[in-house]
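These notes are about the structure you will find just below.
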Amino acid sequence: MDEKAKVSQVWGKRSADFYAELENQTVQIAVSNGKSFKGTLIGVDVYDVLIRQETGLELLLPKGNIIYIHRASS
2 MDEKAKVSQV WGKRSADFYA ELENQTVQIA VSNGKSFKGT LIGVDVYDVL IRQETGLELL
62 LPKGNIIYIH RASS
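Shown next as structure tokens:
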């Protein structure tokens, strides 16, 4: 079998690890309509990301609409 055929299609850090490192951290999330949301990452599942904003409002953001997510500067 050719060496290139053996190469895994997945390598490096997994998305679940990325989200786990951000758990209970303040994150900034940009979505496809141009808006951006800041809040504490409180949950992630296969399809959605859940954050709690400073006001206490909890937002459920579909992953399909997320352009990027990163740890927010304080």
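All you need for the working numbering is the position in the sequence shown, starting with 1, plus 1.
We put the beta carbon where it would ideally sit given N, CA and C, even for glycine.
> What is the DSSP secondary structure of K36, counted as helix, strand or coil?
Replying inline: coil
> Using CA coordinates, which residue listed in Y69, K64, T41 is at the minimum distance from L58?
Replying inline: T41
> Alpha carbon to alpha carbon, what distance is there between V8 and E24?
Replying inline: 31 Å
> In angstroms, rounded to a whole number, what distance separates the CA positions of A17 and D46?
Replying inline: 9 Å
>> For a test of the three-state rule: what should DSSP assign to A31, helix, strand or coil?
In response: strand
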